[in-house]
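Data block below; observations after.
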Amino acid sequence: ILSSPVSPSLSKIVGGRPAIPHSRPYMISLQLLGSHICGGTLIHPQFVMTAAHCVNKMNLQLMMAVAGVHDLKNPEPSWQTFSIQRIYLNDYNEKYILNDIALIQLDRPATLNANVQVAPLPTQGQPLLMGTRCLAMGWGRLGTQLPIPNILQELNVTVVTFECRRHNICTLAPRQRAGICFGDSGGPLICQGVVHAVDSFIKGGCASQRFPDFFARVALYVDWIKSILKGRSTGMMKMMIVNYSQ
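In this text, residue positions in the sequence shown follow UniProt numbering: the first is 1, and each later residue adds one.
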């Protein structure tokens, strides 16, 4: 997650709870040289949705995506590991953290089973009302100065509108000092069984309580996403395609 004292910063789960093993089968660990750096969501057997800042300017030949993970330090037969063939960005603005969404094309389709599943998307433009209860998750730090957990963490949060921007969905954990933190970036916000948002940035440190957590609003990009999944671009939005398979 992106972060700064009062400007944006990248994220983790603070004040959450360990997820039931393999209860979030769409959750992906993006790793650099074998270490977790960001989350992602499997939205198609061969495509992962994540935050643009997780992959922008990265050497993707050094990255891999791992599905079927619960404990980062405990490899299991459920793990499926992929190299990254291609990345799609949608006019990402690094300065203002706008359009902080990316699609990763894996080197091959995932094998779907009880531990590896695809998450459903919202419809284009689908609203998400204030007060909606959602679930955030990730392997992000347990606090601004604390380590990354090995076990997937999750946290119940509520959609809020104060301090938020039109392109974002914002959340708070009511009556708790809890929220996303460094390492949660790119992971999903699940609301009503749908991946409505991608973990983007925080302000004022992890679980500051002064500011909500910020997510990229997936419903703004569904047509773009579907055009990529179908193998074509609509031409409506600037798209960057980088082929790393050579």
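Just so it is clear, CB atoms sit at the ideal spot from N, CA and C, and this is done for glycine as well.
Rounded C-alpha distance that separates residue i from residue j
i: I87; j: L103; result: 6 Å
i: P45; j: Y26; result: 10 Å
i: A52; j: A216; result: 10 Å
i: T50; j: P188; result: 8 Å
i: P212; j: N90; result: 24 Å
i: E76; j: H22; result: 11 Å
i: L33; j: L60; result: 10 Å
i: P149; j: R165; result: 30 Å
i: G186; j: K230; result: 22 Å
i: G138; j: L72; result: 11 Å
i: R17; j: E154; result: 6 Å
i: S29; j: C206; result: 20 Å
i: S227; j: P120; result: 16 Å
i: W79; j: D184; result: 19 Å
i: Q85; j: G204; result: 36 Å
i: I37; j: H70; result: 15 Å
i: A133; j: C54; result: Note that residue 133 corresponds to Arg in the displayed sequence, not to Ala. Distance between the alpha carbons of R133 and C54 is about 26 Å.
i: G39; j: T158; result: 20 Å
i: D223; j: L172; result: 28 Å
i: N74; j: F214; result: 30 Å
Nearest residue (CA-CA) to residue i, options the options
i: A117; options: N90, F215, A67 and C181; result: The sequence given here has Gln at residue 117, not Ala. Comparing Cα positions, the closest option is A67.
i: T81; options: L98, P109, N99 and P18; result: P109
i: L135; options: A197, R166 and N168; result: A197
i: L106; options: N156, I169, L62 and V48; result: V48
i: G179; options: V222, D199, H70 and A19; result: D199
i: S83; options: T132, H36, A65 and L72; result: A65
i: I190; options: K73, N56, A219 and A114; result: A219
i: Q124; options: M58, G204, V195 and C206; result: V195
i: L98; options: F201, I228 and I225; result: F201
i: T41; options: I101, Q85 and N56; result: I101
i: R210; options: P174, P127 and Y221; result: P174
i: Y221; options: Q126, V55, N156 and R133; result: Q126
Neighbour-count burial assignment, residue i, 16 or more Cβ in a 10 Å radius
i: G193; result: exposed
i: P122; result: buried
i: N168; result: buried
i: E163; result: exposed
i: Y92; result: buried
i: S35; result: exposed
i: G131; result: exposed
i: I225; result: buried
i: R24; result: buried
i: K95; result: exposed
i: L129; result: exposed
i: A114; result: exposed
Whether residue i touches residue j by CB criterion (8 Å)
i: G140; j: C181; result: yes
i: M63; j: Q31; result: yes
i: L152; j: A19; result: yes
Inside the segment 87 to 154 only - alpha helix (DSSP H) runs reaching at least 4 residues: none
Start-end ranges of the beta strand (DSSP E) lying completely within the segment 37 to 90, minimum 3 residues: 47 to 50, 63 to 67 and 80 to 89
3-residue-minimum beta strand (DSSP E) runs that sit fully inside the segment 204 to 235, ordered along the chain: 213 to 217
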